[in-house]
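In the numbering used here, the protein residues as written are 51 to 265. Here is the structure we will look at, set down as structure tokens.
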Amino acid sequence: MPRRKEHIIELAEQFAREFLTSDPSGHDWWHVHRVRSLALEIAEREHADAYICELAALLHDVADVKLNASKQEGLDRVRIWLEDVEEDPAVISHVMDIIANMSYNEGRNAPLTTIEGQVVQDADRLDAIGAVGIARTFAYAGSRGHLMHEPGDQRTNTKTAIAHFYEKLLKLQGLMNTDYARTLAAARHQFMETFLQQFHAEWPEVKEVYRTDDS
Ligand code: ADP
Ligand code: NI
């Protein structure tokens, strides 16, 4: 990678580190560090542009709506920063397009059209599953004051950590864009299935308790 691009990557890392808080809702710097590393690994296998992937991975959560007053404010923050350091408008619009459109949005967003977008989206989704994904889910639920589990109909108890697996995490394997991410997702998905099986096995059966009044 040319020195100019290396320098921009260093600046993007600094910007993301400074902006992302250490709050436990899953948007800490280490999430970004893992997504960047996964994105680079997938980019190499899928012959995607490593610079675009790394830059988008580093910046993807700076625009997150949870950390800004609105989605637009977050996107403006990233665009203004990019325009300051990167002179190529094609790079700026490509990275902005990825960041604006990669989120899960209950599966409603249109698929990303460039291989770089697909790579970064896969990397972000991989970090939501497997052992790290499990840990993030419980950390998130704790940060919001949600229970980890509420036995019964998952459709009516959508706020618990366990419900989040059925609502979203178990679907992510099937939504991977690239072949290489699919192979990484398979192992992580299997681990979640095993975890859930064990979790439910350890959870006592819920019965009505009938107390006999023997006074
Ligand atoms: P990202 O920024 O990686 O796209 P999100 O902002 O959707 O992810 O969520 C951050 C982390 O918190 C992820 O690991 C996600 O699975 C988890 N999470 C999101 N919503 C919930 C929820 N309702 N209950 C438990 N975990 C959640
Ligand atoms: Ni993310």
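Each residue gets a CB set at the ideal place from its N, CA and C atoms; glycine is no exception. The structure presented is a predicted model; accordingly, all values stated were derived computationally and were not measured.
So for residue i, helix, strand or coil by DSSP?
i      : result
Asp200 : Checking the displayed sequence, the identity of residue 200 turns out to be Glu instead of Asp. Note: Glu200 maps to coil in three-state DSSP.
Leu70  : coil
Trp253 : coil
Asp229 : helix
Thr244 : helix
Ser265 : The predicted position of Ser265 is uncertain, since its pLDDT is 46 and thus under 50; a value taken from the coordinates is nonetheless stated next. Coil.
Ile224 : Reading off the sequence shown, one finds Gly at residue 224, where the question assumed Ile. In this structure, Gly224 counts as helix in the three-state DSSP scheme.
Ser81  : The residue asked about is misnamed: residue 81 is His in this sequence, not Ser. Of the three classes helix, strand and coil, the one that applies to His81 here is helix, per DSSP.
Lys55  : helix
Arg194 : coil
His239 : helix
His97  : coil
Throw me the rounded Cβ distance for the residue i and residue j pair, which I believe falls under 8 Å.
i      : j      : result
Gln223 : Ala235 : 4 Å
Val170 : Ala107 : 5 Å
Tyr101 : Met146 : About 15 Å separates the two Cβ atoms, so there is no contact after all.
Met198 : Ala211 : 5 Å
Val82  : Leu70  : 6 Å
Phe65  : Val112 : 7 Å
Asn227 : Asp172 : 5 Å
Arg238 : Gly180 : 3 Å
Ile58  : Leu105 : 7 Å
Ala231 : Ile92  : 5 Å
Ala213 : Glu166 : Not confirmed; about 33 Å, so no contact.
Lys116 : His77  : 6 Å
Arg95  : Trp79  : Actually they do not touch by this definition, with Cβ atoms about 25 Å apart.
Leu125 : Ile149 : 7 Å
Leu219 : Thr187 : 7 Å
Compute every distance between the C-beta of residue i and the non-hydrogen atoms of ligand 4, then say whether any falls below 6 Å.
i     : result
Leu88 : Among the ligands present in this structure, namely ligand 1 and ligand 2, ligand 4 is not found.
*asked:* Which residues end up in the neighbourhood of ligand 2 when you take C-beta atoms closer than 6 Å to any of its heavy atoms?
replied: His81, Val85, His110, Asp111, Asp174
*In chain order, which continuous runs of the alpha helix (DSSP H) of length 4 or greater are located wholly inside the stretch 99-186?*
100-109, 121-135, 139-151, 165-176
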